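Here's the structure, in structure tokens; my notes come after.
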Amino acid sequence: MGPNCGMLGILHGLHCAPGPESGGQKSRESGNQGEVMVAVIGSCLCGGFRFEIDGKVSDIHRCHCSVCRKATGAGAIAILATAAKSFKWLCGEESIRSFRRPSGWETAFCANCGTPAPRLQPNGKIWSIPMGCLDGDPGVQVAEHIFVGSIASWDSVSPGAAEYREWNPENEQ
Ligand SMILES: [Zn+2]
Ligand SMILES: [Zn+2]
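Numbering (numbering that gives the first Met the number 0), first residue to last: 0 to 172.
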């Protein structure tokens, strides 16, 4: 396992609705996780927010649970993690709103255009970054798919990535 696993582990717990307990069965794992140094800009559709990542980023985490599908309007959320010291708002932080479910699951988005926005995890140390708002290539790959047990009939997983029916048991708290 790569050094980024701690960051991905934090994302697991906060981006996904707890599903029915059935043991977090692991079906495949490639071990391609790693950390990459990048300098990349991200922004929303209306230009209301812009941010910069300058530092290490994790590989990409995708969750196919029903909450992430609705929150993104897609087959799965796609996010990476970066440390607080590597993330900087360039503008528009005040334009961001959030929505919280009773479970504590929360998502952030631009109040004007609805683009999913970066969100600082409650520990104050890690930002989760929606891949779709990056304007450049962070040079990382999808490392894992979770909640593949809930995958849409029309969707598929990335070749070579790890797949878990629910949680990745190595990252459960
Ligand atoms: Zn999810
Ligand atoms: Zn916007």
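All C-beta atoms, glycine included, are put in the ideal place defined by N, C-alpha and C.
These numbers come from a predicted model, not from an experiment.
Taken in chain order, the unbroken stretches of beta strand (DSSP E) that lie wholly in the region 30-102 and span 3 residues or more are 35-42, 49-56, 59-62, 76-82, 86-90, 95-99. In the three-state scheme derived from DSSP, where H, G and I count as helix and E and B as strand, glutamate 169 is classed as helix. Going by DSSP, isoleucine 150 is part of no beta strand (DSSP E) at all; its letter is neither H nor E. Put simply, the backbone Cα of asparagine 111 is about 22 Å away from that of alanine 77.
Minimum Cα-Cα distance from glutamate 143 among the listed residues Gly123, Pro168, Trp104, Gly103 corresponds to Pro168. Selection Gly91, Ile128, Gly72, Val66 evaluated against isoleucine 145 yields Val66 as nearest (Cα-Cα). With a cut-off of 7 Å, the C-beta of leucine 44 is classified as near ligand 2, since at least one heavy atom of the ligand falls inside that distance.
Nearest in C-alpha terms to glycine 131, of all of Glu92, Tyr163, Ile59, is Ile59. By the neighbour-count definition (other C-beta atoms within 10 Å, threshold 16), asparagine 122 is an exposed residue. Look at cysteine 109: its beta carbon is less than 7 Å from one of the heavy atoms in ligand 2. The Cβ neighbour count for phenylalanine 108, taken over all protein chains shown within 10 Å, is at least 16; the residue is labelled buried. A check of alpha carbon separations from glycine 41 across Asn170, Arg164, Ser152, Ser127 identifies Ser127 as the nearest.
As computed with DSSP, threonine 114 is found in no beta bridge at all.
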